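Protein chains: 4
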Amino acid sequence: MNVFDVGIIGGGVIGQGIAYELSKAGLKTAVFESGEIGGKATSAAAGMLGAHSENEKRDIFFELCLESRNLYPSLAKELLEQSGVDIELVQEGMYRLAFTEEEGRFLQSLADEDELEWHSRENVLANEPHVSEDIAGALWLKHDGQVKGSSVCHAYAKGARKYGASIFEQCPVFDVIKEGKAYKLVTSQGVFICGKVVVSSGVWSGFFFEKLGLRNPMKPVKGECLAIKPKKLVINKTVFYEHCYIVPKKDGTVIIGATSYENDWDTHPTVKGVSELMIKVQKIMPEIGSEPVVSAWSSLRPQTADGWPYFAEHPEHEGIFFATGHYRNGILLAPITSLIVKDMILKTNQYERYVHSFSLNRLLSDAKGR
Amino acid sequence: MNVFDVGIIGGGVIGQGIAYELSKAGLKTAVFESGEIGGKATSAAAGMLGAHSENEKRDIFFELCLESRNLYPSLAKELLEQSGVDIELVQEGMYRLAFTEEEGRFLQSLADEDELEWHSRENVLANEPHVSEDIAGALWLKHDGQVKGSSVCHAYAKGARKYGASIFEQCPVFDVIKEGKAYKLVTSQGVFICGKVVVSSGVWSGFFFEKLGLRNPMKPVKGECLAIKPKKLVINKTVFYEHCYIVPKKDGTVIIGATSYENDWDTHPTVKGVSELMIKVQKIMPEIGSEPVVSAWSSLRPQTADGWPYFAEHPEHEGIFFATGHYRNGILLAPITSLIVKDMILKTNQYERYVHSFSLNRLLSDAKGR
Amino acid sequence: MNVFDVGIIGGGVIGQGIAYELSKAGLKTAVFESGEIGGKATSAAAGMLGAHSENEKRDIFFELCLESRNLYPSLAKELLEQSGVDIELVQEGMYRLAFTEEEGRFLQSLADEDELEWHSRENVLANEPHVSEDIAGALWLKHDGQVKGSSVCHAYAKGARKYGASIFEQCPVFDVIKEGKAYKLVTSQGVFICGKVVVSSGVWSGFFFEKLGLRNPMKPVKGECLAIKPKKLVINKTVFYEHCYIVPKKDGTVIIGATSYENDWDTHPTVKGVSELMIKVQKIMPEIGSEPVVSAWSSLRPQTADGWPYFAEHPEHEGIFFATGHYRNGILLAPITSLIVKDMILKTNQYERYVHSFSLNRLLSDAKGR
Amino acid sequence: MNVFDVGIIGGGVIGQGIAYELSKAGLKTAVFESGEIGGKATSAAAGMLGAHSENEKRDIFFELCLESRNLYPSLAKELLEQSGVDIELVQEGMYRLAFTEEEGRFLQSLADEDELEWHSRENVLANEPHVSEDIAGALWLKHDGQVKGSSVCHAYAKGARKYGASIFEQCPVFDVIKEGKAYKLVTSQGVFICGKVVVSSGVWSGFFFEKLGLRNPMKPVKGECLAIKPKKLVINKTVFYEHCYIVPKKDGTVIIGATSYENDWDTHPTVKGVSELMIKVQKIMPEIGSEPVVSAWSSLRPQTADGWPYFAEHPEHEGIFFATGHYRNGILLAPITSLIVKDMILKTNQYERYVHSFSLNRLLSDAKGR
Ligand SMILES: Cc1cc2nc3c(=O)[nH]c(=O)nc-3n(C[C@H](O)[C@H](O)[C@H](O)COP(=O)(O)OP(=O)(O)OC[C@H]3O[C@@H](n4cnc5c(N)ncnc54)[C@H](O)[C@@H]3O)c2cc1C
Ligand SMILES: Cc1cc2nc3c(=O)[nH]c(=O)nc-3n(C[C@H](O)[C@H](O)[C@H](O)COP(=O)(O)OP(=O)(O)OC[C@H]3O[C@@H](n4cnc5c(N)ncnc54)[C@H](O)[C@@H]3O)c2cc1C
Ligand SMILES: Cc1cc2nc3c(=O)[nH]c(=O)nc-3n(C[C@H](O)[C@H](O)[C@H](O)COP(=O)(O)OP(=O)(O)OC[C@H]3O[C@@H](n4cnc5c(N)ncnc54)[C@H](O)[C@@H]3O)c2cc1C
Ligand SMILES: Cc1cc2nc3c(=O)[nH]c(=O)nc-3n(C[C@H](O)[C@H](O)[C@H](O)COP(=O)(O)OP(=O)(O)OC[C@H]3O[C@@H](n4cnc5c(N)ncnc54)[C@H](O)[C@@H]3O)c2cc1C
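Chains as they are written, first to last, in full-length UniProt numbering: chain F, 1 to 370; chain P, 1 to 370; chain L, 1 to 370; chain U, 1 to 370.
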């Protein structure tokens, strides 16, 4: 009864995405979640699908981001049908601002044919008239978009349930113990036998790395966000400068993110953090100063040493998979992550290059265990 | 400075819709709102666009509803562009349930070629598997849909502002005084001179009828709603029976409405009202019983003696218009109301039949003043 | 049926306080409230009882404040008994900080025997260790305290109801019309006949001044507040510097107030206002920077030209009383205001000096009407 | 650095109470909390101190309850001083209602000299006029009172911090491993060495029993509550009948509790549960039907097989203590639990009878391990 093909530890957007794809593929899947579905980093995210905004290099991580982003339009339709939840996909592109001539030259150097277009100051102000007049111009990231992170997670969860997945809330996993060819997951709600196990517990995954004989690569990067509900400002595109982004959501609220504090496990938005955000955003878009503040919140990004996620089977314990470490990009990367994990479990070998690049070698090479 | 072409009293969905169309047409428009934009009935609505669900007769009120409903798809696009706000239009149709054979026969008798289709019990349960197995079948209202009422209002407001409208919040109008060919609106923020005046103050409009020498046709009908956020249930269509409807919103919440208390000015959801709703909905969809309750609220529907709205110029005071009394259908009727008022003010004579049918004669015929 | 001894326009802390005292004295009293009881300035207040913090002069306004403050301890008991609501009276005193030597000398010059005591830097830091180390010392306002403003209002309202008062919510008053020896109050819920009328509609009272032939003395002063819920900081006393105060409430939250914008009718906390508060408070108490932000809000203080309230019968319309204009001190002044109005209505002549000092002469002297 | 005298697993009211007493006694104490302080059962409690309402027998559990209840008045003062937080202690007694003659006779048989007094129907209705007229009378539990559970927890936490305790949030403990004479606590934030360990993880404690070789005695009993904010009703005493209680809080809200579902790990208030509560309470106090609903919530009571808590050192692992299983009475029992644990750790032998009665023998006798 308590036996599953796959047990997934953690019900954030990553765990739920995986549960969706696996149960859709016919596997008997269970998600074990300490608290509530999507209640941690996933709900805190601004939801940007920033393949370009988060990458300047043209490496495999960039390709991963791009491929995942491009999965969203059809995924949005599929999830709406399966779950009734609209994930609020917006694809208006983003503006990356330059304030100095030098920044402008740098951004111009990034322009390409398909995705990145340099816009002059006048052009930007014509499109987004509330941006500061002090800008030098902006790079337009044509196809980067956004979704509502918590809705992606809930849509995946409802879809997974429809395909037969079990979801256990208030159910922390304490231990993973080999039992023949399978694993016992020890939880507060008892023991479950799972043929395979996926560790997708966000910043709390570190424990399972250690438990399973690996080094803990995970550190928290606290981030705070702010929501406003403009009475006047109409903002169409996401606009960002350095680490301050302005993300207009479909319901008329605008999310402003995000601070970044390494190794801080606190999850409350603080006076200091929120006031810093407020000051920054007023430089980028001065009129925001007179718009209504709605709320502020905070959560922990799961960062690895090199900032890349892990998609990998345990080198010694067959059937244990890691899918975590998505840092600033877990919403963006949930669709591709889910497919990669399905690929690894079903051994369909479609994503070998990613499995190769995001393997545990980065951990092992360095030093094994603690 | 404090001079406008048109002054609109009340910033609910009706007043904001009118402000949008008038300022788009080039008039210098102001909205005066006692409290906050959309803060009254407009925010409380479930947002159904129930041309059929609210009408069995095929009279001119039905035609009005139908025409307004059919304006929504293009309006949704226009407002998204102008305001950045998505009004969350859903057009999956609605199920009107029959529980007894007799109800079934009656609903079957309503079926027609285009819009209303009788579905057997099996068919309904195949489409909406969570509906009670006790049903006898349902009438499918193919094209009735829904939106988010508060978002329609905010989208209209932001659009109106973009077209130059002024919106004064915390600004109750106390008096309307003839001043030459124009009117003085006396408010807590001073006096404003307006060429024309529109009364769209919902259930509070009654005062202006009396003030302007007419009988007060307005009475409050208190309504309570409930929101749940299902973990399991996927509901696609709005489902209703008698006066209990289940409206699945795009963000995954489900609104359950609504109680009805005549002449009750209280605006708090009560233990009695909410428990009644909860009991009714569990009969219609038993599994809802185990889904999470999110919140409950209440507001006042503006009902006239005959349940129809007024679209009319004052018989004696030229330039004063009434656009109120939308009772259970103000969200549905906002688009057509806005166009009719524009039509009356610009004297473009496009909606004469409605102006004729929804005139003040209903009030005057009876007795003038009290 | 719709006949009352006294009709009170406005159900904030002032209107409800008056309703309580009058109905307790046996009068048949009604409160007419546009929206919800206590929903405006009253709910926004930090609740300081700052007889000293708000006054440096030793004039009659100071005496009024002091007398009202001293009414609170017994009132708190009485209201708890009558209404079951605890108004959260705290009497730990307040610290008025000096940062420069000059400020220190000035505050020392204010010290007296009973109420105001100069505390050295060391002494202050010993008592309130989280205050900035940059202070030069502080004046201790021994007996100034605080309450929860919204609770005072609700306690008064429940007490008034118990003594038989009627409270009409969602019921704006539009007009006051002489009718024999009494007055007709014209409201959205119909007409009420009241022997006497009290205008206590906060910043919205201005309309009634004008309507009744007087000059409108009222202007809004928007104020924003912020609440935090410290995990670490234990703050005992209210601490303030210039216009930034830190008010520790009994439930462990700390209110930080308040900004001040004249003639701004907007009632939303803005990015600009909230960030200014946050920056100021971090100077006064740096460790607050790392404490959790809970919420922010805003409302309108009812300010008169000279900043003093009016307690006065209309010079020409007998039986119409004004009790409004409490600006920054309506919570502090509610108890004495209620007694003064009772005194005027019952002609018991106990508060003649206040009636004399806070009369309408200030308005009339200047110019009558507009 | 990561070394403590005592490590406490779980930061609900029990864990924080223990942390407070131990750090006050000079021990270097740490609390490890999976989520946020007091975020689970502790915040959900109605806060009744029901020594009598929860007990009809006169056994040692009753004595424990009584002794803990009697600790509250001085504790309330102490915590206010240490933490600035008022725990909102109310001591108006409670009414246990009888609706039938038989119930009346039974309650009369419980009356005693000091604490329990039978009140006739008339007497009860004179004191609490809103109680249903159908009652037959009530037992007055003179000294049973109430507090705000979440405030007790936060006051303890702030007090503990002041005495030097460390509190780690977002820090689940996964394992307890013997390390010489001490224990390693393995957490998501790394490993901590603790001389002694206290398991106070509420319903999630079960895992640690098993992990440490004992049988898991813990099962969840889901409970839902409802808050209303009466506009009219003044309720002084807590009133209850069967498992429905009406608890008037000091801020004017009234908590209505609680449903009871065994072995249900869900933590959302459901349509079914909340409607059941609403129907029950309207029988007890019909006028509550027209009062405003504010919110509803739910959490998990930690129940043991016999419904009693454990205060015990592990029979084989010296230095590991259990303080959990408080089921319906954790708020009531927090003060005595904290003192008993301190007593066990400091070996001061003051509470031997309780240590004797609430030992692990109940678990061991039956069968050891699974
Ligand atoms: C302020 C902020 C802004 C962000 N903005 C963006 C953005 O714009 N775009 C983007 O792509 N990303 C963004 N991110 C990053 C994104 O939120 C994360 O990368 C993503 O949510 C990670 O998902 P996850 O499922 O791995 O983690 P989480 O959402 O944290 O989920 C992990 C889950 O595991 C559970 N868990 C932990 N331990 C256990 C256990 N032992 N047993 C059972 N369950 C357990 C937790 O309770 C949790 O629910 C942002 C993050 C923050 C904080
Ligand atoms: C529970 C419930 C469910 C409903 N469901 C639906 C539904 O599914 N579909 C549908 O189509 N309709 C629905 N309705 C009806 C719909 O909400 C109303 O018909 C519609 O909101 C009316 O809009 P309005 O702008 O006329 O009124 P309101 O939204 O009430 O706005 C009137 C505004 O006028 C302001 N005002 C009043 N007096 C003054 C003054 N003197 N000066 C200045 N301003 C003033 C008020 O503050 C208010 O903001 C529902 C209503 C309720 C209560
Ligand atoms: C940020 C802030 C902080 C403050 N801090 C403090 C403090 O620490 N200490 C202190 O003593 N004071 C403080 N104040 C001031 C205090 O809040 C006000 O002085 C006080 O609330 C005024 O009470 P009121 O009843 O006159 O006004 P309000 O509370 O505004 O009530 C007036 C009521 O009249 C109603 N009304 C208006 N027009 C009509 C009409 N036509 N018909 C019917 N009803 C109508 C309104 O809806 C409203 O409910 C603060 C104020 C603000 C904004
Ligand atoms: C609806 C309801 C009404 C109630 N009413 C009353 C009442 O009126 N009076 C009364 O006395 N009692 C009442 N109770 C009971 C009372 O709430 C509980 O007995 C009490 O809160 C238990 O406290 P606790 O600290 O043991 O548990 P919790 O408050 O549940 O705290 C346990 C903590 O341990 C943490 N934790 C769990 N696992 C781990 C781990 N592995 N590592 C780190 N941390 C962990 C959890 O996150 C949690 O914060 C009520 C309960 C409910 C649900």
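In this text, a Cβ means the ideal position worked out from N, Cα and C, and glycines have one as well. In this text, all values refer to a predicted model and were calculated from it rather than measured experimentally.
Exercise. Which word fits L:Asp306, buried or exposed, when buried means at least 16 other C-beta atoms lie within 10 angstroms of its C-beta?
Worked result: Mapped onto the third sequence, residue 306 of chain L falls at position 306. With fewer than 16 other Cβ atoms within 10 Å, it is exposed.
Exercise. Should P:Ser298 be flagged as near chain L, meaning a C-beta pair shorter than 8 angstroms?
Worked result: Along the second sequence, one-based indexing puts residue 298 of chain P at 298. No, no contact with chain L.
Exercise. When we look at the beta-carbon of F:Arg58 and count the other beta-carbons within 10 Å, is it buried (16 or more) or exposed?
Worked result: Translated into the one-based positions of the first sequence, residue 58 of chain F becomes position 58. Classification for F:Arg58: exposed.
For this session: Could you check the C-alpha separation between U:Leu141 and U:Cys171 for me, to the nearest Å?
Result: By one-based count along the fourth sequence, residue 141 of chain U stands at place 141. By one-based count along the fourth sequence, residue 171 of chain U stands at place 171. Near 41 angstroms, if we compare the C-alpha coordinates of U:Cys171 and U:Leu141.
Exercise. How many angstroms separate the CA atom of U:Ile18 from the CA atom of U:Met344?
Worked result: On the fourth sequence, residue 18 of chain U is found 18 positions in, with the first residue counted as 1. On the fourth sequence, residue 344 of chain U is found 344 positions in, with the first residue counted as 1. Between U:Ile18 and U:Met344, the C-alpha separation is close to 11 angstroms.
Problem set entry | chain P within 8 angstroms of U:Pro269, Cβ atoms only | As a working mapping, residue 269 of chain U is identified with position 269 in the fourth sequence. With 8 angstroms as the cut-off, U:Pro269 counts as an interface residue toward chain P.
Exercise. Just by C-beta distance, which residues in the region 248–275 of chain L are closer than 8 angstroms to chain U?
Worked result: Pro248, Lys250, Asp251 and Gly252
For this session: Check each candidate in L:Lys342, L:Ser290 and L:Arg362 and name the one with the smallest Cα separation from L:Ser325.
Result: Stepping through the third sequence from its first residue, residue 325 of chain L is reached at position 325. With the sequence shown as reference, residue 325 of chain L is identified as Gly, and Ser is not the correct amino acid for it. Among L:Lys342, L:Ser290 and L:Arg362, the Cα nearest to that of L:Gly325 is on L:Arg362.
Exercise. Start and end of the alpha helix (DSSP H) containing U:Val152?
Worked result: The residue labelled residue 152 of chain U in the question sits at position 152 within the fourth sequence. Run containing U:Val152: Gly149 to Lys162, per the alpha helix (DSSP H) assignment.
For this session: Measure the CB-CB distance between U:Ile8 and U:Val198 and report whether it falls below 8 angstroms.
Result: Here residue 8 of chain U corresponds to residue number 8 of the fourth sequence, with the count starting at 1. Here residue 198 of chain U corresponds to residue number 198 of the fourth sequence, with the count starting at 1. Yes; because the gap between Cβ atoms is below 8 angstroms, this pair is in contact.
Problem set entry | Own chain, CB closer than 6 angstroms to F:Gly206, minus 5 neighbours either side, in chain order | Against the first sequence, residue 206 of chain F aligns to sequence position 206. Asn216 and Met218.
For this session: Would you list the one or two residues that DSSP bridges to U:Leu116?
Result: Walking along the fourth sequence from the start, residue 116 of chain U turns up at place 116. U:Leu116 is bridged to U:Leu141.
Problem set entry | Span separating the alpha-carbon of L:Met48 from that of F:Gly104 | For this step, residue 48 of chain L is matched to residue 48 along the third sequence. For this step, residue 104 of chain F is matched to residue 104 along the first sequence. The straight-line gap from Cα to Cα measures roughly 51 angstroms.
For this session: Establish whether the CB of F:Ala367 and some CB of chain P are separated by less than 8 angstroms.
Result: As a working note, residue 367 of chain F is residue 367 in the first sequence. Caution is warranted here: a pLDDT of 46 is assigned to F:Ala367, below 50, making its placement in the model unreliable, and no coordinate value can be reported.
Exercise. Hey, is F:Ile235's beta-carbon within less than 8 angstroms of any beta-carbon in chain P?
Worked result: Along the first sequence, read from residue 1 onward, the residue named residue 235 of chain F stands at position 235. Cβ-Cβ to chain P under 8 angstroms: yes for F:Ile235.
Exercise. Just to check, is the beta-carbon of L:Leu110 closer than 7 angstroms to a non-hydrogen atom of ligand 2?
Worked result: Sequence index remark: in the third sequence, residue 110 of chain L carries index 110 (1-based). No; taking the cut-off as 7 angstroms, the Cβ of L:Leu110 has no heavy atom of ligand 2 nearer than that.
Problem set entry | Host beta strand (DSSP E) of U:Arg96 (start-end) | Residue mapping note: residue 96 of chain U aligns to position 96 of the fourth sequence, counting from 1. Segment Met94 to Ala98, the beta strand (DSSP E) holding U:Arg96.
For this session: Taking only beta-carbon positions, decide if F:Ile228 is within less than 8 angstroms of chain L.
Result: Working through the first sequence from its first residue, we reach residue 228 of chain F at position 228. True, the Cβ-Cβ gap to chain L drops below 8 angstroms.
Exercise. Hey, is residue 376 of chain P close to ligand 3, as in C-beta under 7 angstroms from one of its heavy atoms?
Worked result: What the structure shows of chain P is the stretch from 1 to 370, and residue 376 of chain P is not part of that stretch, so it cannot be assessed.
For this session: Give the range of the beta strand (DSSP E) segment to which L:Val221 is assigned.
Result: Position 221 of the third sequence holds residue 221 of chain L. Run containing L:Val221: Lys219 to Ile228, per the beta strand (DSSP E) assignment.
Problem set entry | Cross-strand partners of F:Gln303 (DSSP beta bridge) | Taking the first sequence and counting its residues from 1, the one referred to as residue 303 of chain F is at position 303. According to DSSP, F:Gln303 bridges with F:Lys219.
Problem set entry | Spatial neighbours of F:Cys153 in its chain, beta-carbon cut-off 7 angstroms, leaving aside the 5 residues before and after | Here residue 153 of chain F corresponds to residue number 153 of the first sequence, with the count starting at 1. Excluding sequence neighbours, F:Cys153 sits near Gly12, Val13, Gln16, Ile37, Gly38 and Thr42.
For this session: Report the rounded CA-to-CA distance for F:Val281 versus F:Tyr95, giving the unit in angstroms.
Result: In the first sequence, counting from the first residue as 1, residue 281 of chain F sits at position 281. In the first sequence, counting from the first residue as 1, residue 95 of chain F sits at position 95. So the alpha carbons of these two residues sit roughly 14 angstroms apart.
Exercise. For L:Phe358, which three-state DSSP category applies?
Worked result: As a first step, residue 358 of chain L must be located in the third sequence, where it is residue number 358. Reduced to three states, the DSSP call for L:Phe358 is coil.
Exercise. What's the call for F:Pro292, buried or exposed, on a 16-neighbour Cβ count within 10 Å?
Worked result: For the purposes of this step, residue 292 of chain F is taken as the residue at position 292 of the first sequence. Buried is the call here.
For this session: Can you have a look at U:Glu56 and say buried or exposed, based on whether 16 or more other CB atoms are within 10 angstroms of its CB?
Result: Within the fourth sequence, the letter at position 56 stands for residue 56 of chain U. Exposed, because fewer than 16 other Cβ atoms sit within 10 Å of the Cβ of U:Glu56.
Problem set entry | Separation of U:Tyr261 from U:Arg370, as counted between CA atoms | For the purposes of this step, residue 370 of chain U is identified with residue 370 of the fourth sequence, where counting begins at 1. For the purposes of this step, residue 261 of chain U is identified with residue 261 of the fourth sequence, where counting begins at 1. In this predicted model, U:Arg370 has a pLDDT of only 34, less than 50, meaning its place in the structure is not dependable; the value taken from the coordinates is given anyway. If I take the Cα positions, the gap works out to 25 angstroms.
Problem set entry | Separation of L:Ala44 from L:Gly93, as counted between CA atoms | By one-based count along the third sequence, residue 93 of chain L stands at place 93. By one-based count along the third sequence, residue 44 of chain L stands at place 44. Each residue's alpha carbon lies about 21 angstroms from the other.
Exercise. Given 8 angstroms as the limit, is there contact between the region 223–231 of chain P and the region 266–275 of chain P, that is, 3 or more CB pairs closer than that?
Worked result: yes
For this session: Taking C-beta pairs closer than 7 angstroms, name the residues in chain F that L:Ile279 reaches, listed in chain order.
Result: Stepping through the third sequence from its first residue, residue 279 of chain L is reached at position 279. Result: Ser275.
For this session: Counting only the same chain and skipping the five closest in sequence on each side, list residues whose C-beta sits under 6 angstroms from that of P:Val234.
Result: As a working mapping, residue 234 of chain P is identified with position 234 in the second sequence. Around P:Val234: no qualifying Cβ.
Problem set entry | Residues near U:Ile135 in its chain [Cβ-Cβ closer than 8 angstroms; skip 5 each side] | Counting from one through the fourth sequence, the residue named residue 135 of chain U turns up at place 135. Cβ neighbours of U:Ile135 beyond the five flanking positions: Leu97, Ala98, Phe99, Arg121, Val124 and Leu125.
Problem set entry | Minimum C-alpha distance to U:Phe208 - residue among U:Val3, U:Pro230, U:Val176 and U:Lys250 | Locating residue 208 of chain U in the fourth sequence gives position 208, counting from the first residue. Ranking the options by Cα distance to U:Phe208, first place goes to U:Val176.
For this session: Rounded to whole angstroms, what's the CA-CA distance from F:Leu300 to U:Phe168? Just pull it up for me.
Result: Sequence index remark: in the first sequence, residue 300 of chain F carries index 300 (1-based). Sequence index remark: in the fourth sequence, residue 168 of chain U carries index 168 (1-based). Near 15 angstroms, if we compare the C-alpha coordinates of U:Phe168 and F:Leu300.
Exercise. Excluding five sequence neighbours on each side, which residues of the same chain lie with their C-beta closer than 6 angstroms to the C-beta of L:Tyr163?
Worked result: The sequence position of residue 163 of chain L within the third sequence is 163, counting from 1. Result list for L:Tyr163: Ser23 and Lys24, in chain order.
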